[in-house]
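**Q**
There are 2 protein chains.
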Amino acid sequence: MIRPGQPRELWLTDTHQDQYGISLRIKKTLFRKQSAHQIVEVLDTEGFGRLLVLDGIIMCTERDEFVYHEMLVHVPLCAHADPRDVLVIGGGDGGTLREVLKHPSIRRVDMVEIDEAVIQASREFLPTLNTGWDDPRTRVLCRDGIEFLKTQRENYDVVLVDSTDPIGPAVGLFEEAFYRNAFQALRSEGLMALQSGSPFFDGDFLRSIHANLHAAFPHVSLYLAPVVTYPGGHWSFTFAGKAHGPLDGPHAERYRGRGLATRYYTPDIHHAALQLPRFIQDLLT
Amino acid sequence: MIRPGQPRELWLTDTHQDQYGISLRIKKTLFRKQSAHQIVEVLDTEGFGRLLVLDGIIMCTERDEFVYHEMLVHVPLCAHADPRDVLVIGGGDGGTLREVLKHPSIRRVDMVEIDEAVIQASREFLPTLNTGWDDPRTRVLCRDGIEFLKTQRENYDVVLVDSTDPIGPAVGLFEEAFYRNAFQALRSEGLMALQSGSPFFDGDFLRSIHANLHAAFPHVSLYLAPVVTYPGGHWSFTFAGKAHGPLDGPHAERYRGRGLATRYYTPDIHHAALQLPRFIQDLLT
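Each protein sequence line maps, in turn, to chains C and S. For the first sequence, numbering that gives the first Met the number 0 begins at 0 and goes up steadily by one. For the second sequence, numbering that gives the first Met the number 0 begins at 0 and goes up steadily by one.
#1: Measure from the C-beta of LEU23/C to each C-beta in chain S and report whether the shortest distance is under 9 Å.
#2: Would you kindly report the start and end of the unbroken alpha helix (DSSP H) that includes GLY94/C?
#3: Specify, as a first and last residue, the run of the alpha helix (DSSP H) that ASP114/C falls within.
#4: Report the rounded CA-to-CA distance for TYR67/S versus VAL227/S, giving the unit in angstroms.
#5: On a Cα-Cα basis, can you pick out the residue from ILE145/S, ILE166/S, GLU252/S that is closest to VAL158/S?
#6: Nearest to ILE113/S by alpha carbon, out of PHE124/S, PHE199/S, VAL39/S?
#7: Closer than 7 Å by beta-carbon distance: list the chain C residues that pair up with HIS233/S, in chain order.
#8: Grouping DSSP H, G and I as helix and E and B as strand, with all else coil, what is ASP281/C?
#9: May I have the straight-line CA-CA distance separating TRP10/C from THR12/S, to the nearest angstrom?
#10: Alpha carbon to alpha carbon, how far is GLY93/C from TRP132/C? Give it in angstroms, no decimals.
#11: Please name the residue in PRO249/C, PRO168/C, ARG97/C, GLN280/C whose C-alpha comes closest to that of ALA285/C.
#12: If you measure between the beta carbons of ASP161/C and ILE208/C, is that distance less than 9 Å?
#13: Using a Cβ-Cβ distance cut-off of 9 Å, determine whether TYR67/C contacts chain S.
#14: Between which two residues does the beta strand (DSSP E) containing SER22/C stretch?
#15: If we call anything under 9 Å between Cβ atoms a contact, is ILE105/C one with ARG138/C?
#16: Using 8 Å as the cut-off, classify the Cβ of THR44/C as near or not near the heavy atoms of the ligand ZN, replying yes or no.
#17: Assign ASP17/C to one of two classes, buried (16 or more other C-beta atoms within 10 Å of its C-beta) or exposed (fewer than that).
#18: Please list, in chain order, all residues of the same chain as ILE1/S whose beta carbon is under 7 Å from its beta carbon, the five residues on each side excluded.
#19: Might you give, ordered along the chain, the residues of its own chain that have their beta carbon closer than 7 Å to the beta carbon of ALA242/S, omitting 5 neighbours on each side?
#20: For GLU174/C, which of helix, strand or coil comes out of DSSP?
#21: Is the shortest distance between the beta-carbon of HIS270/C and the beta-carbons of chain S less than 9 Å?
#22: Do you know whose CA, among PHE124/C, ARG179/C, LEU148/C, lies nearest GLY240/C's CA?
#23: If distances are taken between C-alpha atoms only, which option among LEU212/S, TYR229/S, ASP54/S, ILE57/S comes closest to THR237/S?
#24: In the DSSP assignment, find the beta strand (DSSP E) that holds ILE268/C and state where it starts and stops.
#25: With H, G and I counted as helix, E and B as strand and the rest as coil, what does DSSP make of GLU188/C?
#26: Under the rule that 16 or more other beta-carbon atoms within 10 Å means buried, what is VAL170/C, buried or exposed?
#27: ILE118/S: buried (16+ other C-beta within 10 angstroms of its C-beta) or exposed?
#28: So, using beta-carbon positions, are LEU148/C and GLU61/C closer together than 9 Å?
#29: Taking all protein chains shown into account, do 16 or more other C-beta atoms lie within 10 angstroms of the C-beta of GLY258/C, making it buried, or fewer, making it exposed?
#30: Kindly indicate which three-state DSSP category ILE1/C falls into: helix, strand or coil?
#31: Could you check which residue in HIS73/C, ARG255/C, VAL74/C, MET110/C has the C-alpha nearest to that of GLY91/C?
#32: Please report how far the alpha carbon of THR14/C lies from the alpha carbon of HIS269/C, in whole angstroms.
#33: What distance in whole Å lies between the Cβ atoms of GLU153/S and LEU190/S, which are believed to be in contact at a cut-off of 8 Å?
#34: If you measure beta-carbon to beta-carbon, which residues of the stretch 240-263 of chain S are closer than 9 Å to chain C?
#35: So what does DSSP say about PRO225/C, is it helix, strand or coil?
#36: With contact counted as at least three CB pairs below 8 Å, one residue from each stretch, are the stretch 213-223 of chain S and the stretch 270-277 of chain S in contact?
Structure below.
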């Protein structure tokens, strides 16, 4: 109800499983486009800076995106001795690319994003995330990451899957065939990381991702981080390694040696994020 | 908008700083009472079991309360070699009491809850939390915890502050004078823990709590846990010790020796929860 003299309030509510919702108060819509794949929107919020929304689902906000992007990127990259060639599937908002390019050993980042409209909207309206597109090490390929990965053989050190949840075109990003192709695309010391949903809400999904990953990779580890604008605020990522796990190397020395500037990630957080609460351990066994 | 034939949907939305909200879908109201202190409600939700609400603010749900209560209790109790006498200020929903009584060394738990209506509502409608009230070790005192603490001298091993946020009667629970009284109430190896809000939303509040605690206690440590139904989903607790910190003892051996049954807490989580992301480190320095 709006009382006389009271300003109108707009809220975007992202509901999950028809039982829970996160709402952000909106100042105005900055961008809205129906692409070939989805409705792409950038909104200006009251408290979270600008917000990227795909088909009504919150993707990231300027205020809290650093946690998600740092944890998706620096856990695998600090677990790798010398990451040079990185493939990012998805990641059109630019945040993952920005974090990958912080590692001085990087010589190429292939960004395979299916929807060019996401890149366009993000580059125009989310400048703090989009510092990496003009870097000479960046190559942009607007195509289906699932198809692209089928053609790759041992030419990446790290594959990062920065996707939406498994609805529509993203479903194939969580299947065993995709993970087997990722394994083939990686060099012998290669690593993969992906966002794997909410352990609180989507335990069955998490369990199936892990079964599919274990079929393709010998080393699979779940890790956790808080993402304030995702359902439950408690998010999971999954690490997969061809030859070793996320703690089998001096990640603290690498973090310092590479001079990484971070706001969430630290070497102690790298270790802490891999310690799982009992109910999540039980989910995966 | 409700379309013809569509069932009505009820949602409770708990907003924070007029910029963010968490919503839970509600089946029905089970209890509602205006007490001397606040409006006490128990609602049945679609996905979170039963929900305790005070003055419209989400206190806990049956589904996710275990994280908050286990972390408030087991971090300090496993840091203490032999916790016998425990004071809980607040905690009328019963969850903290349930967790304290899991430690076999306990001989007395004094529950000082200002609002008897919270205890009544919780005992009637939240049975999984309320297993401890009839235990012979439990003593219930419905009175102001701030005044009660002023009269205590070295007669507790652990003080737990399980309060609402600092609005109304709870303001004094976050002030230096209260922490000095807690110090006096504790024996020489005594420990305190309290909920200290959202590090993401309430950094200034966290900083002031820490300044106030440091004025009273030599050992002060922040720790973190996900609480899905609290703003941001990422919650902080603060540990304070008279003689030692939360890692200065064999908490893993104590956990196992005491045979604690937990769903979130483990000895590895005890350690991991104390590792702070860089932005929270920066907040406290």
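Each residue gets a CB set at the ideal place from its N, CA and C atoms; glycine is no exception.
**A** Answer, in terms of the structure:
#1: yes
#2: 94-99
#3: It is not in any alpha helix (DSSP H) - ASP114/C carries neither H nor E in the DSSP assignment.
#4: Computed Cα separation, rounded: 10 Å.
#5: ILE145/S
#6: VAL39/S
#7: PRO225, VAL227, GLY232
#8: helix
#9: TRP10/C and THR12/S have their C-alpha atoms some 11 Å from each other.
#10: Their backbone Cα atoms lie some 8 Å apart in a straight line.
#11: Outside the shown range of chain C, which is 0 to 284, sits residue 285/C, and nothing can be said about it.
#12: no
#13: no
#14: 19-33
#15: no
#16: The model depicted lacks the ligand ZN and carries no ligand whatsoever.
#17: exposed
#18: Caution is warranted here: a pLDDT of 49 is assigned to ILE1/S, below 50, making its placement in the model unreliable, and the coordinate value is therefore given only provisionally. Around ILE1/S: ARG7.
#19: SER187, GLU188
#20: coil
#21: Yes, HIS270/C counts as interfacial toward chain S.
#22: ARG179/C
#23: LEU212/S
#24: From DSSP, ILE268/C is part of no beta strand (DSSP E) but of the alpha helix (DSSP H) over 266-272.
#25: strand
#26: exposed
#27: buried
#28: no
#29: exposed
#30: Per-residue confidence for ILE1/C stands at a pLDDT of 49, beneath the threshold of 50, marking its modelled position as unreliable; no derived number is given.
#31: MET110/C
#32: Taking C-alpha positions only, THR14/C is separated from HIS269/C by approximately 30 Å.
#33: Actually they do not touch by this definition, with Cβ atoms about 13 Å apart.
#34: THR261, ARG262, TYR263
#35: strand
#36: yes
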